[in-house]
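Enquirer: Mind having a look at this structure? Questions to follow.
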Amino acid sequence: DGAAGTQTCAADGRSYEPCACQPAPPADRVEEALGDLAALRDSACACQDTACAEHVQRQFGDFADRYRDVHGDDDQNQRATLLAQQAMECLMNVAAGAGDDTSDAVPVAWTTTGVPGCDQYVAEVEQYLSCDKVPQAARDAARQGLDAMKQGWGDMSGVPDDVKQQAGDACLQAVDAMKQAEAAMGCPK
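The opening position of the sequence shown corresponds to residue 3 in the numbering used here, with each subsequent residue numbered one higher.
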């Protein structure tokens, strides 16, 4: 559009050599992603067996690919983080063989899950909880979710290897989601 091959970017009207900008995703695309994430959480929490959990994990991979370039504001990122944590808790309960009812469970001292990817997830959530840029209400909700996960998981070292692999894969996906949320909020790495 201009001299010597410069182009004008439709998103902001500036000239680029060559135009490498992309318009920001519409706000409804972020809400669409949150709606899809809520549906994934609901699917994860409806799972009763590992076949279902594996299917939901594949759907999470598709979700991540579909919304890779969609970024929300702080509130939307917090909502996404909470939805992902809730889904992860449900998938981990299936992997660990824990039922939905943990109301009579006795709190256990936390050491490890026995699954490195899930231990990494716990560490990532702890880092998220220490970021002062995350509103206190979001940190409180994340703490409650993490405590419930720890209670439901226990030590998975005696769980069959294929189940540990599935759990580890799901946890590593959640680690990536947590890191993205932390970066979006400006938390230190």
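We put the beta carbon where it would ideally sit given N, CA and C, even for glycine.
Taking DSSP as the reference, what is the three-state secondary structure of histidine 73?
Expert: Here residue 73 refers to the residue found at position 71 of the sequence shown. Looking at histidine 73 - three-state DSSP - the assignment turns out to be coil, as it is neither helix nor strand.
Enquirer: Could you name the residues of the same chain whose beta carbon sits closer than 8 Å to that of glutamate 128, not counting the 5 residues immediately before and after it, in chain order?
Expert: As a working note, residue 128 is residue 126 in the sequence shown. Leu148, listed in sequence order.
Enquirer: Assuming contact is defined by CB atoms lying nearer than 7 Å, are cysteine 92 and cysteine 47 in contact in what I supplied?
Expert: The residue labelled residue 92 in the question sits at position 90 within the sequence shown. The residue labelled residue 47 in the question sits at position 45 within the sequence shown. Yes, the Cβ-Cβ distance between cysteine 92 and cysteine 47 is below 7 Å.
Enquirer: For alanine 183, I'd like the list of residues in its chain whose CB is within less than 6 Å of its CB, leaving aside the five on either flank, ordered along the chain.
Expert: The residue given as residue 183 occupies position 181 in the sequence shown. Asn79, Thr83, listed in sequence order.
Enquirer: Find the nearest neighbour of cysteine 54 within the set Ala179, Ala169, Ala125, Ala86, judged by alpha-carbon distance.
Expert: If you number the sequence shown from 1, residue 54 lands on position 52. When each option's Cα is compared against that of cysteine 54, the closest is Ala169.
Enquirer: Return the chain-ordered list of same chain residues with a C-beta closer than 8 Å to the C-beta of alanine 143, the five sequence neighbours on each side being excluded.
Expert: Counting from 1 along the sequence shown, the entry for residue 143 is found at position 141. Cβ within range, chain order: Leu84.
Enquirer: Closer than 7 Å by C-beta to alanine 186: which residues in its own chain qualify, once you throw out the five before and the five after it? Chain order, please.
Expert: Position 184 of the sequence shown, counted from the first residue, corresponds to residue 186. Taken in chain order, the residues that qualify are His73, Asn79.
Enquirer: Under a three-way DSSP split, which group does aspartate 178 fall into?
Expert: Along the sequence shown, one-based indexing puts residue 178 at 176. In this structure, aspartate 178 counts as helix in the three-state DSSP scheme.
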